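Everything below concerns the one structure shown next.
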Amino acid sequence: GTPVLSTSEATSEAIAGADLIVAGSPIIGFRLPSEQMREGIRANPGPAPRPPDLSHPPLRSWLESLPRGQGRGAAFETKVRGPFGNATSAISKALEGAGYRPLGKPQGFVVKGRYGPLRAGEVERAREWGAELARLMA
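Take the sequence shown: its letter number 104 is residue 471 in our numbering, and every next letter is one higher.
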């Protein structure tokens with residue numbers, strides 16, 4: 368199978384020689400979250416059935432330290448319904464800047480409430496997108 372890693376697990380050593388990196392993040396404040404934004408959420412998560420998992424480094428920091436690669440890259444975001452912000456362009460730009468050529472169209476998946484889970488049908492869309500990425504890599 369394909370390894371799925373958090374930003375704390377996706378170390379330089381773990382991703383060295385990767386053929387494909389699929390990176391994603393929630394949109395917070397209409398963009399890719401910063402550590403400062405995450406600290407605000409940590410201090411005041413707001414109403415939610417379950418608070419977000421903030422135990423791993425933010426994707427923004429991870430992307431800033433991403434070592435050069437020669438594989439492909441794909442980006443996704445999770446968001447509330449509507450055209451509120453965009454994280455995929457920043458993710459795609461960072462991946463490409465590190466040498467990962469874009470693969471497929473970036474995707475946005477809609478969550479219920481502030482922190483999820485994914486809305487009905489979104490898991491299926493994510494699986495279809497993953498299958499498309501696999502076909503493009505074949």
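The beta carbon of each residue, even a glycine, is placed where N, CA and C say it ideally should be. Remember, it's a predicted structure, so these values are computed and weren't measured experimentally.
Considering only residues of the same chain and omitting the five flanking positions on each side of residue i, which have a CB-CB separation below 6 Å?
i, result
"S445", "According to the sequence provided, residue 445 is Thr. The question's Ser does not apply to it. Excluding positions up to five away in sequence, the list reads P393, F476 and V478."
"R448", "V477"
"R398", "G452"
"Q474", "F443 and W496"
"I388", "G440 and Y467"
"P511", "Here the chain comprises residues numbered 368 to 505, so residue 511 is not present and cannot be evaluated."
"R486", "V477 and K479"
"P412", "P418"
How is residue i classed by DSSP in three states: helix, strand or coil?
i, result
"L372", "coil"
"L433", "coil"
Less than 8 Å between the beta carbons of residue i and residue j, yes or no?
i, j, result
"G471", "D386", "no"
"G488", "Y467", "no"
"A390", "P434", "no"
"L372", "A383", "no"
"Y482", "P414", "no"
"I408", "L421", "yes"
Report all residues from its chain with a CB closer than 7 Å to the CB of residue i; omit the five preceding and five following residues, and keep chain order.
i, result
"P424", "T374 and S375"
"G396", "M404"
In its own chain, which residues sit with a C-beta less than 8 Å from the C-beta of residue i, not counting the 5 before and 5 after it?
i, result
"A493", "F443, Q474, F476 and L485"
"L500", "L387, V389, A441, L470 and G471"
ask   = What are the start and end residues of each continuous beta strand (DSSP E) run of 3 or more residues lying completely inside the segment 374–426, in chain order?
value = 387–393
query = At a cut of 8 Å, does the segment 460–475 reach the segment 426–440 through at least three beta carbon pairs?
reply = yes
Runs of beta strand (DSSP E) lying entirely within the segment 438–478, each at least 3 residues, in chain order = Complete beta strand (DSSP E) runs here, min 3: 439–446 and 474–477.
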